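What follows is one structure encoded as structure tokens, with my remarks underneath.
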């Protein structure tokens, strides 16, 4: 069947579609039905089934005779180490850690925070929790103490599993002082902390609270998998909230397993045994879905990469990993590819590696501008697939389903809606809009299995944040349009659609134009306050390495380009060159923060910002052209 057949088969009978997909998962007790609508709009999936996520990710492959297959490759250019762990070895490690946690009283429903860098032990800790039916919450390693404290108080963990440190290019990031500070600040205190000591930073342990990773597990009997209901939370993942308080996105076990397993073949086109690499971090949703659970559930080899796209040691590190490990499907964020492009504009380092194993590059996490896609297509000579999803959804809302049918790529679009998602473009009153018209992107309820059923201990906030603006729909917070062929275009966050003299304009459309300038490596457009027009667009430009032309000249060309491509209605008249843009650690550009700086408004430092010092640089650049004056 082609894409249209598959999508229509879901639409005609969603229950039958997802029950068939559930047959690919091992159940302790098979569900009788897929969807439970009794508490709509709080839907649940497979809640009458019993299942275990760890069994599906690890044990079943060993039981099927594939224990000798490599499950996990840890490639760490920052430490110069490489480890390969088979499915059988992974099962033994996970079962032993789970046994030690069980002996300390961790059981089904308990929460465990994991505060780790990109090391195999992070995956082992996640799976050990899943083995016991404990609910893990991974917090990005190196997160500030106060942010970690907020998460401790929200989910109230029985235990915290942490590493002594993380390794960044040229520096060691000490985790233990941050952990200690967070526990001091938090009202809730964990019963114990398991500390994985890394040789780069061995830390003293707190008597009576901290236990050493290895000593803790010594002599522990392996734990069996604990069956849980399909609706039982597998994990809580905190995402930034507009009010400043993080939102604890809940992932239910059954739907999570079914949906991720379905995507590995149908979206990413990999077969069990093949190598899949998502260059992300376990602190983000991509790390949960496509470093840990998705590839392992499906029986792939997954890569845990401890490095950066540039600087570990050079912009060829991605290509080296692909060549060394015969990666078939590679997934990263557009910002990572732009970083490589900035340092190696001609893609010359690709020529140093045999990339014949690579069949597709997938991009997600932010809008993929056409210039970045075209550059990657040119240097890699494989399909470059933009796809769109969110922390809340856990897997792609829209994608090019490479394992079903390789649809034509329309640059600038993440392609078409996946089964489970009926995507609508709505105006402010909730009415459907015509093809080509910009509006709010909403998804008709119920959301598919694997998406968030709720927020942790915050049902009212869940309803208000996602289900209230457009009754009967999930509000994505993104703005865009659909073309005549059903291809979706994500143009901006709803907050980034600016109103210039009554015209609703997409900052994303302007960014596409700016990114096409030959000297621009990366850019962002924000809407700043304007006395005459309400808002006016302002471009921030990062130039490619080696560009030595006057900045005023390049900015002038960019202004002309936007005027030519979008028209005078855009009122695009100002641009400024900057060395870098403020981003979250997952690569999202902090446009709303830059708007507040430009308009001289107070703002809360985003918890996920990669380097707060960038904000001072942005303020100085904006002041140089007349903004951010206070």
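In the UniProt record's numbering, the protein residues as written are 1 to 630.
By construction, the Cβ of each residue, glycine as well, lies at the ideal position given by its N, Cα and C atoms.
Computed from a prediction, not measured in an experiment: that's the story for all the values here.
Subject >> Spatial distance of residue 25 from residue 127 (CA atoms) >> reply: Within the chain shown, the letter at position 25 stands for residue 25. Within the chain shown, the letter at position 127 stands for residue 127. Their backbone Cα atoms lie some 16 Å apart in a straight line.
Subject >> Contacting residues, own chain, Cβ-Cβ under 6 Å from residue 158 (five flanking each side not counted) >> reply: Locating residue 158 in the chain shown gives position 158, where the first residue counts as 1. Closer than 6 Å at the Cβ level, and outside the excluded window around residue 158, lie 106, 110 and 191.
Original post:
Counting Cβ pairs closer than 8 Å, one from the region 467-486 and one from the region 433-443, do we hit at least three?
Top reply: yes
Subject >> Option nearest residue 610 by Cα separation, candidates 141, 55, 131 and 40 >> reply: Within the chain shown, the letter at position 610 stands for residue 610. The residue with the shortest Cα to Cα distance from residue 610 is 141.
**OP:** Determine the DSSP secondary structure at residue 568, reduced to helix, strand or coil.
**Re:** Translated into positions along the chain shown, residue 568 becomes position 568. Of the three classes helix, strand and coil, the one that applies to residue 568 here is helix, per DSSP.
Original post:
Identify the residues that DSSP records as bridge partners of residue 238: which are they?
Top reply: Taking the first residue of the chain shown as position 1, residue 238 is located at position 238. Answer by DSSP bridge pairing, in chain order: 248.
Original post:
Going by alpha carbons, who is nearest to residue 458 out of 74, 154, 13 and 133?
Top reply: Position 458 of the chain shown, counted from the first residue, corresponds to residue 458. The residue with the shortest Cα to Cα distance from residue 458 is 154.
**OP:** Tell me, please, whether the region 272-290 touches the region 29-42 by the rule of three or more beta-carbon pairs shorter than 8 Å.
**Re:** No, they do not touch.
Original post:
What separation, rounded to the nearest whole angstrom, lies between the Cα atoms of residue 68 and residue 133?
Top reply: Position 68 of the chain shown, counted from the first residue, corresponds to residue 68. Position 133 of the chain shown, counted from the first residue, corresponds to residue 133. About 26 Å.
Subject >> residue 65, buried or exposed, once every other Cβ within 10 Å from all chains shown has been counted against 16 >> reply: Position 65 of the chain shown, counted from the first residue, corresponds to residue 65. Answer is exposed; the Cβ neighbour count stays below 16.
**OP:** Closer than 7 Å by C-beta to residue 588: which residues in its own chain qualify, once you throw out the five before and the five after it? Chain order, please.
**Re:** Sequence index remark: in the chain shown, residue 588 carries index 588 (1-based). Once the five neighbours on either side are set aside, the close Cβ partners of residue 588 are 365 and 366.
Original post:
In chain order, what residues of the same chain have a beta carbon less than 8 Å from the beta carbon of residue 2, not counting five sequence neighbours either side?
Top reply: By 1-based counting over the chain shown, the position of residue 2 is 2. The residues are 404 and 405.
Subject >> Assigned exposure category for residue 63 - 16 Cβ within 10 Å defines buried >> reply: For the purposes of this step, residue 63 is identified with residue 63 of the chain shown, where counting begins at 1. With fewer than 16 Cβ atoms within 10 Å of its Cβ, residue 63 is classed as exposed.
Original post:
Is DSSP giving residue 594 helix, strand or coil here?
Top reply: The count along the chain shown starts at 1 and reaches residue 594 at position 594. Residue 594 falls in the helix class under three-state DSSP.
**OP:** Count the C-beta pairs between the region 352-372 and the region 332-342 that are closer than 8 Å, then say yes if the count reaches three, no if not.
**Re:** yes
Original post:
The alpha helix (DSSP H) spanning residue 17 covers which residue range?
Top reply: The residue labelled residue 17 in the question sits at position 17 within the chain shown. Residues 14-22.
Original post:
Which of helix, strand or coil does DSSP assign to residue 476?
Top reply: For the purposes of this step, residue 476 is taken as the residue at position 476 of the chain shown. Three-state DSSP puts residue 476 in a strand.
Original post:
Rounded to whole angstroms, how far is the Cβ of residue 35 from the Cβ of residue 58, which I believe are closer than 8 Å?
Top reply: Taking the chain shown and counting its residues from 1, one reaches residue 35 at position 35. Taking the chain shown and counting its residues from 1, one reaches residue 58 at position 58. About 28 Å separates the two Cβ atoms, so there is no contact after all.
Subject >> Per-residue burial, residue 176 [other beta carbons within 10 Å of its own, 16 or more giving buried] >> reply: Taking the first residue of the chain shown as position 1, residue 176 is located at position 176. Classification for residue 176: buried.
Original post:
What is the C-beta distance between residue 622 and residue 598, in whole angstroms, given that I count them as a contact (C-beta under 8 Å)?
Top reply: Numbered from 1 along the chain shown, position 622 holds the residue referred to as residue 622. Numbered from 1 along the chain shown, position 598 holds the residue referred to as residue 598. Yes, they are in contact, since the Cβ atoms of residue 622 and residue 598 sit about 5 Å apart, within 8 Å.
**OP:** Given a cut-off of 7 Å, decide if residue 423 and residue 417 are closer than it, judged by their beta-carbon atoms.
**Re:** Residue numbering aside, residue 417 sits at position 417 when the chain shown is read from its first letter. Residue numbering aside, residue 423 sits at position 423 when the chain shown is read from its first letter. Yes, the pair counts as a contact, with Cβ atoms nearer than the cut-off.
Subject >> Neighbour flag for residue 99 against chain D, beta carbons, 7 Å >> reply: Chain labels in this structure do not include chain D; a single protein chain is all it has.
Subject >> Exposed unless 16 or more other CB atoms sit within 10 angstroms - verdict on residue 273 >> reply: Here residue 273 corresponds to residue number 273 of the chain shown, with the count starting at 1. With fewer than 16 Cβ atoms within 10 Å of its Cβ, residue 273 is classed as exposed.
Original post:
Within this structure, are the beta carbons of residue 306 and residue 118 separated by less than 7 Å?
Top reply: Residue numbering aside, residue 306 sits at position 306 when the chain shown is read from its first letter. Residue numbering aside, residue 118 sits at position 118 when the chain shown is read from its first letter. A contact, by the Cβ cut-off of 7 Å.
Original post:
Is the beta carbon of residue 27 less than 7 Å from the beta carbon of residue 51?
Top reply: In the chain shown, counting from the first residue as 1, residue 27 sits at position 27. In the chain shown, counting from the first residue as 1, residue 51 sits at position 51. Contact flag set, yes.
Subject >> Span separating the alpha-carbon of residue 313 from that of residue 552 >> reply: Within the chain shown, the letter at position 313 stands for residue 313. Within the chain shown, the letter at position 552 stands for residue 552. Whole-angstrom Cα-Cα distance: 33 Å.
Subject >> Residues of its chain near residue 228, where Cβ-Cβ distance is below 6 Å and the 5 sequence neighbours each way are ignored >> reply: Working through the chain shown from its first residue, we reach residue 228 at position 228. Here the set comprises 133 and 253.
Subject >> For residue 584: DSSP bridge partner residues >> reply: For the purposes of this step, residue 584 is taken as residue 584 along the chain shown, with counting starting at 1. BP columns for residue 584 point to 609.
**OP:** With a threshold of 16 other CB atoms inside 10 Å of the CB of residue 121, please say whether the residue is buried or exposed.
**Re:** Stepping through the chain shown from its first residue, residue 121 is reached at position 121. Counting Cβ neighbours within 10 Å, residue 121 comes out buried, since at least 16 surround it.
**OP:** Specify whether the region 342-359 and the region 320-330 touch according to this definition: at least 3 beta carbon pairs, one from each stretch, less than 8 Å apart.
**Re:** Contact holds: three or more Cβ-Cβ distances are below 8 Å.
Original post:
Can the beta-carbon of residue 562 be found closer than 7 Å to that of residue 510?
Top reply: Mapped onto the chain shown, residue 562 falls at position 562. Mapped onto the chain shown, residue 510 falls at position 510. Against a cut-off of 7 Å, the Cβ pair of residue 510 and residue 562 comes out as a contact.
Original post:
Just to confirm, are residue 327 and residue 375 a CB contact at a threshold of 7 Å?
Top reply: On the chain shown, position 327 is the one that residue 327 refers to. On the chain shown, position 375 is the one that residue 375 refers to. Not in contact: residue 327 and residue 375 (Cβ atoms no closer than 7 Å).
Original post:
Going along the chain, which unbroken runs of the beta strand (DSSP E) with 3 or more residues stay wholly within the region 332-376?
Top reply: Taking only runs of at least 3 residues, the beta strand (DSSP E) segments lying wholly in the region 332-376 are 360-363.
Original post:
Is the region 542-549 in contact with the region 463-476, if contact means three or more CB pairs nearer than 8 Å?
Top reply: no
Original post:
Cβ atoms of residue 135 and residue 222: under 7 Å apart, would you say?
Top reply: Counting from one through the chain shown, the residue named residue 222 turns up at place 222. Counting from one through the chain shown, the residue named residue 135 turns up at place 135. Taking 7 Å as the cut-off, the Cβ atoms of residue 222 and residue 135 do not count as close.
Original post:
Taking DSSP as the reference, what is the three-state secondary structure of residue 137?
Top reply: Against the chain shown, residue 137 aligns to sequence position 137. It is a strand residue.
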